[in-house]
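Heads up, the thing below is written out as structure tokens.
Number of protein chains: 2
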Amino acid sequence: MGNTTSQRDRMVAEILDNLRRVFQVVHGYSRRAERVAGLTGPQLWAMKVLAESAPIRVSDLARRMYIHPSTVVGILDRLEQRDQVTRTRSSEDHRVVMVALTDKGKETVTKVPRIAQGLLLTGLKGLEKAQLASISEGLDLLVGILGADRMPPQLLFSREVNSPPVGAIRAARKKEPTPA
Amino acid sequence: MGNTTSQRDRMVAEILDNLRRVFQVVHGYSRRAERVAGLTGPQLWAMKVLAESAPIRVSDLARRMYIHPSTVVGILDRLEQRDQVTRTRSSEDHRVVMVALTDKGKETVTKVPRIAQGLLLTGLKGLEKAQLASISEGLDLLVGILGADRMPPQLLFSREVNSPPVGAIRAARKKEPTPA
DNA sequence: CGCAAATAATTAGTATAATAATTATCTTGA
DNA sequence: TCAAGATAATTATTATACTAATTATTTGCG
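Chain order of the listed sequences is C and E.
Residues in the first sequence are numbered from 15 upward in steps of one, following this note's numbering.
Residues in the second sequence are numbered from 15 upward in steps of one, following this note's numbering.
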């Protein structure tokens, strides 16, 4: 195939290589790291979202985590089993289930923030500002092309998933403790 | 926590956010995309490594894929079941099992190369050289700090995993059809 | 009103991935 | 030599994640 192997082709190949490597490392990374907290990465992530968004519907939690609702169910099963969260069926709409943190869960959240992302965080913080800017810029571009490409194949959950290329998603995830 | 929220802190946070987002997207991405080929992403990846490295030991395959040997066993189970690979126990050392592609497997590999990484590839190829350079640079830095950081917690497979921060790994993955 | 369509959560089934334990084999040292 | 340790692959168990199918419930149309 690609005979000429232009410089660009090589750059693209290298990017894919690096990307794959980063995935691999970060993945096993956060697993080990976060297991220190007694909870796995996704479990902890769910807890963090819960901490921000008080009682929240299962489907909304899934949307915030960018994962499928059925996956969330499993995560909640395990968290509930460990007394970290509670599930309450809404009295208004009996189809919905509201999820909240237990007292124990709240305590967990306050205890772990550092451990969760701490390791990568430490690494990044050790870099110079210029380097941070470089990484940031590269990732932005990456997110851009991914964001543009991801919709067509199969929308994820089919709600407001139409063209928030970057900003909307980030906005939704930042602080904002649901003004209620 | 972080009261002052310096600009650097914000940059770091944003990088982590973006990173997570990229993971999420690429993940579901390659799943959908590669399923078009009838095989899942990791299965296809294993096939590609096999195509390059002829008969190879299970543990070496795992090392090349940066995943755990036990995970490879499962992937091989499914590939073998589909007549894509063969497993042969070595006669020299009865502990080792050599894996190779079947004829059908070889054909599969020639048929799919584009689909596998094609989508991300297309996106990247549409970018300008300067943007590619930017992404590349950012990822290099990221890989750098990850490579430096990943060893201490728990070495992955405990072989020559001592200080090949970046280059060694890439070198091992590039072409090089195992010079015997 | 009453049943069909839509919606929310869950379950079922498959695949990936990691750790820990097991089995078989090989290598060494007493 | 032969038992102790190391090594290779595998199995078991747990967790994540997806798609499809199921169950409840709510809405809306005729």
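Cβ atoms here follow ideal geometry from the backbone N, Cα and C, with glycine treated the same way.
Problem set entry | Residue burial classification, Thr102 (chain C) (beta-carbon count within 10 angstroms, cutoff 16) | The sequence position of residue 102 (chain C) within the first sequence is 88, counting from 1. Label assigned to Thr102 (chain C): exposed.
Exercise. Considering Arg92 (chain E), what are the terminal residues of the alpha helix (DSSP H) in which it resides?
Worked result: Against the second sequence, residue 92 (chain E) aligns to sequence position 78. Taken as a continuous stretch (DSSP letters only), the alpha helix (DSSP H) holding Arg92 (chain E) covers 83–95.
Exercise. Is there a Cβ from chain E that is less than 8 angstroms from the Cβ of Arg22 (chain C)?
Worked result: For the purposes of this step, residue 22 (chain C) is taken as the residue at position 8 of the first sequence. It does; some Cβ of chain E falls within 8 angstroms.
For this session: Since I believe Ser148 (chain E) is in contact with Leu146 (chain C) (beta carbons under 8 angstroms), could you give me their beta-carbon distance rounded to a whole number of angstroms?
Result: Numbered from its first residue, the first sequence carries residue 146 (chain C) at position 132. Numbered from its first residue, the second sequence carries residue 148 (chain E) at position 134. Actually they are not in contact, since the Cβ atoms of Leu146 (chain C) and Ser148 (chain E) sit about 13 angstroms apart, beyond 8 angstroms.
Exercise. Contact check, Leu115 (chain C) vs Gln95 (chain C) under 8 angstroms by CB: the rounded distance?
Worked result: Here residue 115 (chain C) refers to the residue found at position 101 of the first sequence. Here residue 95 (chain C) refers to the residue found at position 81 of the first sequence. At roughly 15 angstroms, the Cβ-Cβ gap does not stay under 8 angstroms, so Leu115 (chain C) and Gln95 (chain C) are not in contact.
For this session: Pick helix, strand or coil for Val63 (chain E), following the three-state DSSP scheme.
Result: The residue given as residue 63 (chain E) occupies position 49 in the second sequence. Reduced to three states, the DSSP call for Val63 (chain E) is helix.
For this session: Determine the extent of the beta strand (DSSP E) in which Thr124 (chain C) is found, giving its start and end residues.
Result: Stepping through the first sequence from its first residue, residue 124 (chain C) is reached at position 110. That residue, Thr124 (chain C), is in no beta strand (DSSP E); its alpha helix (DSSP H) goes 117–125.
Exercise. Once you ignore the five residues that flank Leu79 (chain C) on each side, which residues in its own chain have a CB closer than 8 angstroms to its CB?
Worked result: Counting from one through the first sequence, the residue named residue 79 (chain C) turns up at place 65. One point to set straight first is that residue 79 (chain C) is Met, not Leu, in the sequence displayed. Closer than 8 angstroms at the Cβ level, and outside the excluded window around Met79 (chain C), lie Pro56, Trp59, Ala60, Val63, Val86.
Exercise. DSSP three-state call for Arg109 (chain E): helix, strand or coil?
Worked result: Locating residue 109 (chain E) in the second sequence gives position 95, where the first residue counts as 1. It is coil, neither helix nor strand.
Problem set entry | Those residues which DSSP pairs with Ala76 (chain C) across a bridge | Counting from 1 along the first sequence, the entry for residue 76 (chain C) is found at position 62. Answer is none; Ala76 (chain C) lacks a bridge partner.
Exercise. Looking at the C-beta of Met25 (chain E), does it have a partner C-beta in chain C at a distance below 8 angstroms?
Worked result: For the purposes of this step, residue 25 (chain E) is taken as residue 11 along the second sequence, with counting starting at 1. Chain C contact via Cβ: present.
Exercise. Lys143 (chain E) touches chain C at which residues, Cβ-Cβ below 9 angstroms?
Worked result: Reading the second sequence from its first residue, position 129 is the one you call residue 143 (chain E). In chain order: Gln21, Arg22, Met25.
For this session: Using three-state DSSP, classify Ala114 (chain C) as helix, strand or coil.
Result: If you number the first sequence from 1, residue 114 (chain C) lands on position 100. For Ala114 (chain C), the three-state secondary structure derived from DSSP is strand.
Problem set entry | Residue range of the unbroken beta strand (DSSP E) whose run includes Thr100 (chain C) | Position 86 of the first sequence, counted from the first residue, corresponds to residue 100 (chain C). Element bounds for Thr100 (chain C): 99–103.
Problem set entry | Beta-bridge partners of Arg24 (chain C), as assigned by DSSP | Your numbering for residue 24 (chain C) matches position 10 in the first sequence. Beta-bridge pairing links Arg24 (chain C) to no other residue.
Problem set entry | Thr124 (chain E) burial status per 10 Å Cβ neighbour count (16 or more: buried) | To locate residue 124 (chain E), count along the second sequence from 1; it is residue 110. Result: exposed.
Exercise. Can you list the residues of chain C that Lys139 (chain E) reaches, using a CB-CB cut of under 9 angstroms?
Worked result: Translated into the one-based positions of the second sequence, residue 139 (chain E) becomes position 125. What Lys139 (chain E) touches in chain C: Arg22, Asp23, Val26.
Exercise. Is the shortest distance between the beta-carbon of Asp91 (chain E) and the beta-carbons of chain C less than 8 angstroms?
Worked result: By one-based count along the second sequence, residue 91 (chain E) stands at place 77. Closer than 8 angstroms: no.
Exercise. Hey, is Gly152 (chain C)'s beta-carbon within less than 8 angstroms of any beta-carbon in chain E?
Worked result: The residue labelled residue 152 (chain C) in the question sits at position 138 within the first sequence. So, interface residue.
Exercise. Taking just the CA atoms, how far does Glu121 (chain C) sit from Glu106 (chain C)?
Worked result: Numbered from its first residue, the first sequence carries residue 106 (chain C) at position 92. Numbered from its first residue, the first sequence carries residue 121 (chain C) at position 107. Spanning the two alpha carbons is a distance of roughly 29 angstroms.
Problem set entry | Chain-ordered neighbours of Ser84 (chain C) on chain E, where CB pairs are closer than 9 angstroms | Here residue 84 (chain C) corresponds to residue number 70 of the first sequence, with the count starting at 1. Going along chain E, no residue has its Cβ under 9 angstroms from Ser84 (chain C), so there is no contact; the nearest lies around 14 angstroms.
Exercise. Shortest alpha-carbon distance to Leu93 (chain E) belongs to which of E:Arg71, E:Ser73, E:Lys118, E:Pro69?
Worked result: Here residue 93 (chain E) is taken as the residue at index 79 of the second sequence, counted from 1. Closest by alpha carbon: E:Lys118.
For this session: Express the C-alpha separation of Leu153 (chain E) and Leu33 (chain C) in angstroms, rounding to a whole number.
Result: Against the first sequence, residue 33 (chain C) aligns to sequence position 19. Against the second sequence, residue 153 (chain E) aligns to sequence position 139. Going from the Cα of Leu33 (chain C) to the Cα of Leu153 (chain E) covers about 7 angstroms.
Problem set entry | 7 angstroms Cβ shell around Ile89 (chain C) - same chain, five flanking residues per side excluded | For the purposes of this step, residue 89 (chain C) is taken as residue 75 along the first sequence, with counting starting at 1. Excluding sequence neighbours, Ile89 (chain C) sits near Pro56, Gln57, Ala60.
Exercise. Does Leu53 (chain E) get closer than 8 angstroms to chain C when you measure Cβ to Cβ?
Worked result: Locating residue 53 (chain E) in the second sequence gives position 39, counting from the first residue. So no, Leu53 (chain E) is outside the interface.
Problem set entry | Cβ neighbours of Val111 (chain C) in the same chain (closer than 6 angstroms, five flanking residues each side left out) | Translated into the one-based positions of the first sequence, residue 111 (chain C) becomes position 97. Counting only Cβ-Cβ distances below 6 angstroms, and skipping sequence neighbours, we find Val72, Arg101, Arg103.
Exercise. Do Lys139 (chain C) and Val26 (chain E) have their C-beta atoms within less than 8 angstroms of each other?
Worked result: The residue given as residue 139 (chain C) occupies position 125 in the first sequence. The residue given as residue 26 (chain E) occupies position 12 in the second sequence. Cβ atoms of Lys139 (chain C) and Val26 (chain E): closer than 8 angstroms.
For this session: Please work out which residues of its chain come closer than 7 angstroms, Cβ to Cβ, to Pro167 (chain C), disregarding the five sequence neighbours upstream and downstream, and give them in chain order.
Result: Counted from its first residue, the first sequence places residue 167 (chain C) at position 153. A caution first: Pro167 (chain C) carries a pLDDT of 27, below 50, which makes its placement in the model unreliable, though a value can still be read off. Nothing listed; no residue qualifies.
Exercise. Hey, is Leu146 (chain C)'s beta-carbon within less than 8 angstroms of any beta-carbon in chain E?
Worked result: In the first sequence, the residue the question calls residue 146 (chain C) occupies position 132. At least one chain E Cβ lies under 8 angstroms of Leu146 (chain C).
Exercise. Going by other Cβ atoms of all chains shown within 10 Å of its Cβ, with 16 needed for buried, is Arg109 (chain C) buried or exposed?
Worked result: The count along the first sequence starts at 1 and reaches residue 109 (chain C) at position 95. Under this definition Arg109 (chain C) is an exposed residue.
Problem set entry | Buried/exposed call for Ser84 (chain E), threshold 16 Cβ in 10 Å | What you label residue 84 (chain E) is simply residue 70 of the second sequence in a count that begins at 1. Counting Cβ neighbours within 10 Å, Ser84 (chain E) comes out exposed, since fewer than 16 surround it.
Exercise. What residues in its chain sit with their C-beta under 8 angstroms from that of Glu28 (chain E), if we drop five residues either side in the sequence?
Worked result: The count along the second sequence starts at 1 and reaches residue 28 (chain E) at position 14. Cβ neighbours of Glu28 (chain E) beyond the five flanking positions: none.
Exercise. Can you tell me the Cα-Cα spacing of Gly158 (chain E) and Ser150 (chain E), whole angstroms?
Worked result: Locating residue 158 (chain E) in the second sequence gives position 144, counting from the first residue. Locating residue 150 (chain E) in the second sequence gives position 136, counting from the first residue. Taking the straight line from one Cα to the other gives about 12 angstroms.
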